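Peer 1: Residue numbers (our numbering), protein chains in the order written: chain A, 1 to 214; chain B, 1001 to 1214. Before we start, here is the structure in question, set down as structure tokens.
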């Protein structure tokens, strides 16, 4: 097994990015329910508590649009009901109760998949002198991975949490059906080879608490 | 089989983006040789000729760095020999002879995977009023797909050419080895579901020539 990079962790220069853990994706009656999102709620909640207790900034991303069609060109082409599904006024865009943001956490709304594109995320991170980002949430290969790709291009040290990213299966788009497990396996492999570090929540918990105890 | 989008083609508003068909990736003695890149040379050459004859702009991307270490932070962390391998002065960064750029083509050098990040690609496309981009080259899921993700965020109508993108296999990064075929299959599926249209060179040739004949 090959591991290309292991970033040194300074809690005050590290953030946990919780991607799109919104009702629309994470509740069984959500329009775009990702079943495996249930499995990542407990690990994310636990790691977020560790972060808050050890000086690691917790940041939530939410996918939210105006709802009037003015900001959803290509996104609406790909998801025809996006204007209604992701409208600011729709309660489905809220973060699930189990992971409700706490005082001191930061929420960044984005119009598309990436947490960096046309948002103030980069400015917030620079103001706080944060250079290392742990990414978790839904879905592994789209909003999480696009944020990771955008982050490494901006010179952040990116970390994908292998047991706190949830993937979904795909229907046959011309190349056969793809299982959520295959999506997850290949996304994590490519991220570990091309974009940064991939590790578990337990490993990060250990490294954060060890660094903070120093 | 599901197809989410089929963009209408206006040749004058369309470009062919040929990604990283450089000697380092495409020649058997290249440091980072991608064996399947040999299979996409002929389709790309043929489609590029059709584009030049029908008013579709041909644009090459090349991965090139200064070579002095000043512009390769995270990229060097992931590819420790990047400064030598991708240096401007290294002939390995040139486009392979079989696809040598012709008069009227445009070459855009980039520092990392994305054709858009910190380059003038977006400005060039806007100046030419181009809104639709066909993407081909190496490797499917990294430089090609990152450019596609960045393009759709900028509201371009993105097209991945299924038979003109070359993928490579991955070693075991903790989740088992991954074949080039699996990388290709899953990248094309995710691109067709999340980021734009996926189709063949033959289909695009037909649509470009039909539109130009109108």
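Cβ coordinates follow ideal geometry from the N, Cα and C atoms, glycine included. Note that this is a predicted model, so its numbers are computed, not measured.
Using only CA atoms, which one of 138(A), 86(A), 148(A) lies nearest to residue 19(A)?
Peer 2: The candidate whose alpha carbon is nearest that of residue 19(A) is 138(A).
Peer 1: So if DSSP puts residue 157(A) in a beta bridge, which residue, or which two residues, is it bridged to?
Peer 2: Answer by DSSP bridge pairing, in chain order: 132(A).
Peer 1: What does the alpha-carbon distance come out to for the pair residue 84(A) and residue 109(A)?
Peer 2: Near 16 Å, if we compare the C-alpha coordinates of residue 109(A) and residue 84(A).
Peer 1: Please classify residue 35(A): is it buried, with 16 or more other beta-carbons within 10 angstroms of its beta-carbon, or exposed?
Peer 2: Looking at its Cβ environment, which holds fewer than 16 other Cβ atoms inside 10 Å, residue 35(A) is exposed.
Peer 1: Taking a cut of 9 Å between CB atoms, which residues from the region 41-70 of chain A lie near chain B?
Peer 2: Correct list: empty, as no residue qualifies.
Peer 1: Which residues, in chain order, does the region 152-173 of chain A contribute to contact with chain B at a C-beta distance below 9 Å?
Peer 2: Residues 152, 153, 154, 155, 156, 157, 158, 162, 170, 171, 172, 173.
Peer 1: Grab the span of the alpha helix (DSSP H) containing residue 1076(B) for me, first residue to last.
Peer 2: Start and end: 1074-1078.
Peer 1: Roughly how many angstroms lie between the CA atoms of residue 1161(B) and residue 70(A), to the nearest whole one?
Peer 2: One C-alpha to the other measures close to 30 Å.
Peer 1: Could you tell me if residue 1012(B) is buried or exposed, where buried requires 16 or more neighbouring beta carbons within 10 angstroms of its beta carbon?
Peer 2: Under this definition residue 1012(B) is an exposed residue.
Peer 1: Check the C-beta distance from residue 1007(B) over to residue 1130(B) and give it rounded, since I have them as a contact under 8 Å.
Peer 2: Not confirmed; about 12 Å, so no contact.
Peer 1: Going by beta-carbon coordinates alone, are residue 74(A) and residue 1135(B) separated by less than 8 Å?
Peer 2: No, the pair does not count as a contact, with Cβ atoms beyond the cut-off.
Peer 1: Put residue 109(A) into one of helix, strand or coil per three-state DSSP.
Peer 2: DSSP places residue 109(A) in strand when its eight states are reduced to three.
Peer 1: Starting from the Cα of residue 1043(B), find the closest Cα among 1174(B), 1166(B), 1195(B), 1207(B) and give me that residue.
Peer 2: If we check each option's Cα against that of residue 1043(B), 1166(B) comes out closest.
Peer 1: Please list, in chain order, all residues of the same chain as residue 101(A) whose beta carbon is under 8 Å from its beta carbon, the five residues on each side excluded.
Peer 2: So the list reads 58, 60, 95, 107, once near-sequence residues are dropped.
Peer 1: Near residue 1076(B), which residues of its chain fall below 8 Å by C-beta distance, leaving aside the five closest residues on each side in sequence?
Peer 2: Excluding residues within five positions, the ones whose Cβ falls inside 8 Å are 1069, 1082, 1083.
Peer 1: Quick check: what's the CA-CA separation for residue 1141(B) versus residue 1046(B)?
Peer 2: Cα to Cα, residue 1141(B) sits roughly 23 Å from residue 1046(B).
Peer 1: Could you give the DSSP three-state label for residue 198(A): helix, strand or coil?
Peer 2: Strand, per DSSP.
Peer 1: With contact counted as at least three CB pairs below 8 Å, one residue from each stretch, are the region 171-191 of chain A and the region 1166-1181 of chain B in contact?
Peer 2: Short answer: they touch.
Peer 1: Closer than 8 Å between beta carbons: that is the criterion. Which residues of the region 137-149 of chain A meet it against chain B?
Peer 2: For the region 137-149 of chain A, which is checked against every Cβ of chain B, the residues closer than 8 Å are 141, 142, 146, 149.
Peer 1: I want to see whether chain A comes within less than 8 Å of residue 1105(B), judged by CB atoms only; does it?
Peer 2: So no, residue 1105(B) is outside the interface.
Peer 1: My assumption, with CB atoms under 8 Å, is that residue 1104(B) sits in contact with residue 1149(B). Please give the rounded CB distance.
Peer 2: Their Cβ separation, rounded to whole angstroms, is 28 Å, which puts residue 1104(B) and residue 1149(B) out of contact at 8 Å.
Peer 1: Buried or exposed, going by whether 16 or more other CB atoms sit within 10 Å of the CB of residue 62(A)?
Peer 2: With 16 or more Cβ atoms within 10 Å of its Cβ, residue 62(A) is classed as buried.
Peer 1: Does residue 176(A) get closer than 8 Å to chain D when you measure Cβ to Cβ?
Peer 2: Of the protein chains in the structure, A and B, none is chain D.
Peer 1: Give a yes or no on whether the minimum CB-CB distance between residue 134(A) and chain B is below 8 Å.
Peer 2: Taking Cβ atoms only, chain B never reaches closer than 8 Å to residue 134(A), which makes this a no.
Peer 1: Considering only the alpha carbon of each residue, which of 132(A), 154(A), 97(A), 126(A) lies closest to residue 1113(B)?
Peer 2: Checked all of 132(A), 154(A), 97(A), 126(A); the closest Cα to residue 1113(B) is 154(A).
Peer 1: For residue 188(A), decide whether its Cβ has a neighbour in chain B, counting only Cβ atoms nearer than 8 Å.
Peer 2: True, the Cβ-Cβ gap to chain B drops below 8 Å.
Peer 1: With 9 Å as the C-beta to C-beta threshold (strictly closer), list the residues of the region 186-211 of chain A near chain B in chain order.
Peer 2: From the region 186-211 of chain A, only 186, 187, 188, 189, 190, 191, 192, 193, 194, 195, 196, 198, 199 have a Cβ closer than 9 Å to chain B.
Peer 1: Which residues in chain A have a C-beta closer than 9 Å to the C-beta of residue 1083(B)? List them in chain order.
Peer 2: Within chain A, no residue comes near residue 1083(B); the closest Cβ sits about 15 Å away, beyond 9 Å.
Peer 1: Drop a sphere of 10 angstroms on the beta-carbon of residue 127(A), count the other beta-carbons inside from all chains shown, and report buried for 16 or more, exposed for fewer.
Peer 2: Exposed is the call here.
Peer 1: DSSP three-state label for residue 32(A), please.
Peer 2: Note: residue 32(A) maps to coil in three-state DSSP.
Peer 1: If we call anything under 8 Å between Cβ atoms a contact, is residue 1048(B) one with residue 1065(B)?
Peer 2: It is not a contact, given that the beta carbons lie outside the stated cut-off.
Peer 1: Assuming residue 1093(B) is part of the beta strand (DSSP E), what are its boundary residues?
Peer 2: Unbroken run through residue 1093(B): none, as it is neither H nor E.
Peer 1: Does any CB atom of chain A fall closer than 8 Å to the CB of residue 1073(B)?
Peer 2: Closer than 8 Å: yes.
Peer 1: According to DSSP, is residue 1210(B) helix, strand or coil?
Peer 2: If DSSP states are grouped into helix, strand and coil, residue 1210(B) belongs with the helices.
Peer 1: When the Cα atoms are used, what is the spatial distance from residue 78(A) to residue 124(A)?
Peer 2: Roughly 30 Å separates the two Cα atoms.
Peer 1: Report back the beta-carbon spacing between residue 1099(B) and residue 1041(B) to the nearest angstrom; my notes put them in contact at under 8 Å.
Peer 2: 6 Å between Cβ atoms; contact.
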